[in-house]
Amino acid sequence: MTRLQKIIFLIMFIASIPLQAESLHGNKIEVKYVRGEKELLTKIITVSDDVTPDIPEFRVLNSTGMKYSINIKKDIILITYTGIYDDWTLRTGYNDQFKFIDVDDTLNDITSVELIDPLSRLEGIDKYDIKVWTNGFLVEMRDPICSSAHSSWWNQMLGIVKCNYDESPTDYRNQITFKVHFSDKNTAREEKEKAEKEAARVAELRKISDPDFSMDGHTIYTNWKESVISTSSHRVIVTASDHVNPDIDDFSTLPNSENPNLWDINFHKDTIEMSFSGSEDSDGYYINDSSGFNFMSNINTVPDIIGVAVIDTGSLPDGFDPSLITVEKDTVYVDLKGAKIGYNDIVKIQLFFAKTPEPPSTDEDNSHISGLINVGFITRSFDTHKIKVKSWEVTTEGAKEFLNEATVKASDEVKFDVEDFTIYKEESSPTANWSINFHEDVIALTNTSNNYMHTTSAGFSFEDVDDTMPDILGVIAFHNYYAPTGFDPSLITFDANHIYVDLKGSKCSLLCHFEESPTRYKNRIILKVIFAVDYPRVDTLLNAIESVNSVNFPSHKESYIHRWETSYKRYYPTSNNYLKVENNTVYMEGDDYEGLVNSGTLDTLYETYDVPYNIPETADTLQSFYGHNIYVNYAFNHLSEDDPKRIKGEKTVTVNSNINPDIRLFKPYPEHDFINWDINFKEDTIELIYRTNISTNFSSGDNKIGFNFVDVDNTMPDILNVSMADSNYTMPGFDPSLIVFDKDSIFVDLSGVYCTEWVDETHNYCPNSDSPTGRNNIISLKVEFDIPLGQKRAKVDTKRIDALFDALEIEYPQYAPEHKESYYLEESTDYVRYYASTDFFLKVKDNKLYFEGGEFDSESDRGTLDSMYLLYDIPDFSRIDLLFYAVELKYPSYFPSHPESSVFDSGYYGRYYPTTKNYMGIKDKRGYVWGDSFGGVVYTGTLDSLYTEYNIP
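Start counting at 1 in the sequence shown, then tack on 52, and there's your number in the working numbering.
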């Protein structure tokens, strides 16, 4: 066989190999030859099946005959050592490699590379020399040898043998032929597309998020969360600071273990960094199941979290999956399932927060109180109110002993309302002087002696002396990097009229010098106080503004607070205007205004519009606690009512729909500050939340103890039943069958209830990471009320029932020979029509239709109302009214005002608008409009199509 015949045979052999799903043709391939770390030659080609060979000469070294040709066809790569034709001998003897790389990641993943055509294969090459990765492979060239010379003692000494081989198509063993196998996916391309999508997602988040919001100064709750319950008792509440790194040092996911798995956690601006700080010698650990860090705004001071992105620091744990991170408004859960955690591994994420409106500018000088922000309430101010300041310490018996006191009329015009206030009376005690300032809703405490230390509980109390301020709903410690070392915001407690600041564990000396503080010391405690707002009075004012500005604010709208925004506002879609209340000021904004227009302070406008105090709530009190006075006590119900030991803590509250909870930190035992409950009334539910983070067991057996709730003024409907509203996070041991009630009162028996902070074989676990409070500490009760007859009748859909009766008059003329008007039977919700000539009744009772009288001796059940409506094709008029309202909103120029009610006329159910002399109506399940604006009757569509078009539920 001649050489030409052999070459033709080789080409025919390659062409006969079955085609693969993936071909190298048309793809850009980088071919490299490297020796150790040095690249000797690199060429990039676009593979073509129409060119042979693709690289005619690949000369690695000019000084030697180390040259090759490279031909690529479909999924076959052929390397031919061509130096042999010039009688050069191939002997590398170095760490040489051929590399083939998919430059643009256009090929599917390479799964394997197979050596084929053994007849011409270069001596010294085998399958173990091939290394494969997803977008390329290499072949080790350390051992190939080839010589055209005859064997001699010199070649034998060097291990070189001639590679002549008559059976080879080239007459030599001078080729390497690879068959490349591909998978059905392209990992690199998928990763690139994934990265591009992630970049686009992050770019969009940047557009809609607040770029300036920082967690600095906000209180963040951190815990380790697992799939079922948290097995870690390590839960940390910290005020984030950009001046501290890390904010949480050595957070342990297994605090009671020999291997506590320590992490450092740092909050900086809008990022959270979790760094594994275990021992350098540690092997780390693998997380099999869903487990990770849970971060939550502890007291609701941050905007909604609308997204999160992972910042690749190059130290992400192996196996970490960013897609497992979840976000829910004020919570981020970083799930580490599948991650192999090792020393110095870092997970860093960026949070994107919803934008909030810019607060209005002010000319007041607040320079002495820096860095304060608004939260989502109308700001109230201490200004002009009388505040009593007391110092206190805890005695050996555990009770508070009040020491010094000062009463001041707070003023926003002075820098310090109280100066040189000391905690202790005794001259022997350390003299720690404090200056105290009340400004708007902020209390600033500054230690001016810079020399104190508190190892036991002692501090300040603040009291609204004349009870002229709204109830206190919350106290937030801000910018705690200015606070004394060791100050713990979680020790702050409060009730409706008092705030208690505990300095236990805090200190300041000459070593607390801090250059970035306004005072140059870590000696300032800044508290923002959240007050309840007289929302009914504000709403009455906004109603009055609507009535005199009906063009700008057409038709009444309900007020709302968008979560985390600072405004209490109303939106008017037809004029695209807003009424806003912010910082005790009313603003107007929208299409009819240039920017934010200041209309005046609340107090000024109350006078202008003559809005009185104590506006009753407008909320519908039907089967609701809202607006009613409820007396609450904690009592031993096994004792007689005249026993002075029977009742412990007690309080009367007017239930307010805008306050949550209605009673904050209720003390069952007033002499003990550490046992507290939150109590909230919400429409027809009572929610009890046990707020004390200590293990507790309540009484059992005959010694019944619990909460009593009494309708003080007897203004509520009779109580019919009390049951569990939600049992998902109920305290262990609670038995709803022990609840006792009568028409005016409820006793919630806590016998057998307990809450433990540890897991053992006999007790349930009180902490629960899935609970909104993080614990099984909620008792949620639903109260069923009776309602007056008039209110019961108001729930009957008489309009639709009358339409049904009309249809039955046509269907059964033998029973109902003429049209009659409907009415209620006396002292009943039974709705009837009576036909005297046949002594026959059409009756609706308990949502069923009955025939009665005439040939029917007793009530004859004809079926449910719903089935009758379906049988006689009676439309849902309340749903049609919703449709009419939606059309009014969309076309206010045609239908400008809302009629009191829709009417029946000539087979139509519709509305008339006298100002435009237009009508709209429904007849036979078809919509029509007519009048001056339409020039005749215009068909608008079927009722079902209109429901769909206007998104009517």
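The beta-carbon is built from N, C-alpha and C at its ideal position, and this holds for glycine as well. This one's a predicted model, so the numbers in the text were calculated from it and none came from an experiment.
{"Query": "Quick one: is Asp523 buried, meaning 16 or more other Cβ sit within 10 Å of its Cβ, or exposed?", "Result": "buried"}
{"Query": "Between the region 76-88 and the region 152-163, do three or more beta carbon pairs fall short of 8 Å?", "Result": "yes"}
{"Query": "Go ahead and pull the three-state DSSP assignment for Tyr658.", "Result": "helix"}
{"Query": "Between the C-alpha atoms of Phe929 and Lys851, what's the straight-line distance to the nearest angstrom?", "Result": "7 Å"}
{"Query": "Could you check if Lys574 belongs to the surroundings of the ligand SAH, using beta carbon to heavy atom distance under 7 Å?", "Result": "The ligand SAH is not part of this structure, which contains no ligands at all."}
{"Query": "Pull up the distance between the alpha-carbon of Ala548 and that of Leu455, whole angstroms please.", "Result": "22 Å"}
{"Query": "Residues bridged to Ala240 by DSSP?", "Result": "Paired residues: none, contrary to the question."}
{"Query": "Taking just the CA atoms, how far does Gly652 sit from Thr660?", "Result": "10 Å"}
{"Query": "Out of curiosity, what's the CA-to-CA distance linking Met118 and Asp156?", "Result": "29 Å"}
{"Query": "Below 6 Å CB to CB, which residues in the same chain sit around Thr362 once its five sequence neighbours on both sides are set aside?", "Result": "Residue identity differs from the one stated: residue 362 is Val in this sequence, not Thr. Within the same chain, Val362 has close Cβ partners Pro374 and Ile401."}
{"Query": "With a Cβ-Cβ cutoff of 8 Å, do Ser821 and Lys277 count as a contact?", "Result": "yes"}
{"Query": "Helix, strand or coil: how does DSSP classify Thr784 here?", "Result": "According to the sequence shown, residue 784 is Pro rather than Thr. Of the three classes helix, strand and coil, the one that applies to Pro784 here is coil, per DSSP."}
{"Query": "Return the CA-CA distance between Thr994 and Ser779, expressed in angstroms with no decimal places.", "Result": "45 Å"}
{"Query": "Quick test of the definition: if touching needs 3 or more C-beta pairs under 8 Å, does the region 510-519 touch the region 539-558?", "Result": "yes"}
{"Query": "What do you get for Ile932, buried or exposed, if any count of 16 or more other CB atoms within 10 angstroms of its CB means buried?", "Result": "buried"}
{"Query": "In angstroms with no decimal places, state the Cα-to-Cα distance between Thr141 and Thr158.", "Result": "37 Å"}
{"Query": "If distances are taken between C-alpha atoms only, which option among Phe799, Asn275 and Thr767 comes closest to Arg827?", "Result": "Asn275"}
{"Query": "Hey, out of Tyr534, Lys621 and Ile791, whose CA is closest to Thr291's CA?", "Result": "Tyr534"}
{"Query": "Whole-angstrom Cβ separation of Leu93 and Val112, contact assumed at under 8 Å?", "Result": "5 Å"}
{"Query": "According to DSSP, which residues form a beta bridge with Thr474?", "Result": "Asn485"}
{"Query": "Only counting the same chain, and skipping five residues up and downstream in sequence, which positions put a Cβ closer than 7 Å to that of Tyr624?", "Result": "Phe605, Pro606 and Lys609"}
{"Query": "Measuring straight from C-alpha to C-alpha, what distance separates Tyr1002 and Ile727?", "Result": "53 Å"}
{"Query": "Could you work out which residue in Leu76, Phe319, Pro355 and Asn114 is closest to Asp101 when comparing CA atoms only?", "Result": "Leu76"}
{"Query": "Relative to the alpha-carbon of Ile853, which residue among Pro865, Glu878, Asp898 and Gln843 has its alpha-carbon at the smallest distance?", "Result": "Asp898"}
{"Query": "Please state if the CB of Phe759 and the CB of Ile682 are separated by a distance shorter than 8 Å.", "Result": "no"}
{"Query": "Helix, strand or coil for Val811, going by three-state DSSP, please let me know.", "Result": "Because the pLDDT at Val811 is just 49, under 50, the model does not fix this residue reliably, and the value given afterwards should be weighed accordingly. Of the three classes helix, strand and coil, the one that applies to Val811 here is coil, per DSSP."}
{"Query": "Roughly how many whole angstroms lie between the Cα atoms of Thr132 and Arg173?", "Result": "9 Å"}
{"Query": "Take the Cβ of His871 as the centre, count every other Cβ of all protein chains shown within 10 Å, and call the residue buried at 16 or more, exposed below.", "Result": "exposed"}
{"Query": "Could you give the first and the last residue of the continuous beta strand (DSSP E) run that contains Leu579?", "Result": "Arg576 to Phe583"}
{"Query": "Restricting to runs no shorter than 3 residues, where is the beta strand (DSSP E) found entirely within the region 861-901?", "Result": "883-887 and 892-897"}
{"Query": "Should Ser343 go down as buried or exposed, given a rule of 16 or more other Cβ atoms within 10 Å for buried?", "Result": "buried"}
{"Query": "Using DSSP bridges, identify the partner residues of Asp801.", "Result": "Gly758"}
{"Query": "With DSSP as the reference, please indicate the residues paired to Met640 in a beta bridge.", "Result": "Leu631 and Val649"}
{"Query": "Could you tell me the distance, in whole angstroms, from the CA atom of Val254 to the CA atom of Pro944?", "Result": "40 Å"}
{"Query": "How big is the Cα-Cα spacing for Val427 and Tyr573?", "Result": "Below a pLDDT of 50, predicted positions are generally treated as unreliable, and Val427, at 33, falls in that range; the measurement from the model is reported next regardless. Near 27 Å, if we compare the C-alpha coordinates of Tyr573 and Val427."}
{"Query": "So the candidates are Tyr991, Phe857 and Phe718; which of them puts its Cα closest to the Cα of Thr545?", "Result": "Phe718"}
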